[in-house]
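**Student:** Below you'll find the structure I mean.
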Amino acid sequence: MKITGRQVDSDRYRISGTVPEPVRPIERSSGQDDEFIRAVDLARTRDADQPPLAARLDALERPEARDGRSYDNARSIELLQHVIDDVLPTLEAEEDIVAMARDVVGEELEWRQAWDGRMNEAMTPRDGDAPGGDDARDEEPS
Numbered sequence: 000m001k002i003t004g005r006q007v008d009s010d011r012y013r014i015s016g017t018v019p020e021p022v023r024p025i026e027r028s029s030g031q032d033d034e035f036i037r038a039v040d041l042a043r044t045r046d047a048d049q050p051p052l053a054a055r056l057d058a059l060e061r062p063e064a065r066d067g068r069s070y071d072n073a074r075s076i077e078l079l080q081h082v083i084d085d086v087l088p089t090l091e092a093e094e095d096i097v098a099m100a101r102d103v104v105g106e107e108l109e110w111r112q113a114w115d116g117r118m119n120e121a122m123t124p125r126d127g128d129a130p131g132g133d134d135a136r137d138e139e140p141s
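Written out as structure tokens, the structure reads:
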């Protein structure tokens with residue numbers, strides 16, 4: 000189908016009774032516009048010294064380094080036990096893979112419990128020891 004140039008009636012372009020207005024400069028901005036522009040400028044200056052949103056969200060995912068309990072051996076034992084009791088049974092994997100994972104995590108749990116036991120044993124005073132450990136016996140009376 001070939002489209003040919005044809006004359007279109009001018010009344011089809013306009014609604015009857017309207018006359019096109021000449022282009023004129025925009026009106027002075029209203030108070031609401033000024034208020035909005037000030038709010039945007041304030042938000043930009045306030046956020047200029049902050050890191051990007053993605054960096055702030057990443058920082059929230061990481062534990063606080065100041066909290067020593069996050070790195071405590073008791074916490075790692077608790078987490079390993081949680082993996083064995085709650086996470087591994089819900090995995091959608093073959094039974095032999097889950098069993099192998101349970102063995103590996105269980106072995107790590109046993110090592111950590113043994114290490115924790117040795118650390119607690121070393122920290123507890125033995126019968127007959129002076130308070131303060133071996134250093135108390137080495138001191139000469141004054």
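Under numbering that gives the first Met the number 0, the residue at position 84 of the sequence shown is numbered 83, and the numbers go up by one with no gaps.
Note that CB positions come from ideal geometry on N, CA and C, so glycine has one too.
Keep in mind the model is a prediction, meaning the values are calculated, not measured.
(1) Rounded to the nearest angstrom, what separates Pro51 and Arg101 at their Cα positions?
(2) Determine the direct distance from the alpha carbon of Asp71 to that of Asp57, and round the result to whole angstroms.
(3) Could you give the DSSP three-state label for Gln31: helix, strand or coil?
(4) Which of the three DSSP states, helix, strand or coil, is assigned to Arg125?
(5) Across the region 102-122 and the region 72-84, are there enough close Cβ pairs to call them in contact, namely three or more that are closer than 8 Å?
(6) CA-CA distance, Val105 and Leu59?
(7) Roughly how many angstroms separate the alpha carbons of Asp40 and Thr3, rounded to a whole number?
**Tutor:** Reading it off the structure:
(1) Cα to Cα, the separation comes out at about 40 Å.
(2) Spanning the two alpha carbons is a distance of roughly 23 Å.
(3) helix
(4) coil
(5) yes
(6) One point to set straight first is that residue 105 is Gly, not Val, in the sequence displayed. Rounded to the nearest whole angstrom, the CA to CA distance from Gly105 to Leu59 is 30 Å.
(7) 54 Å
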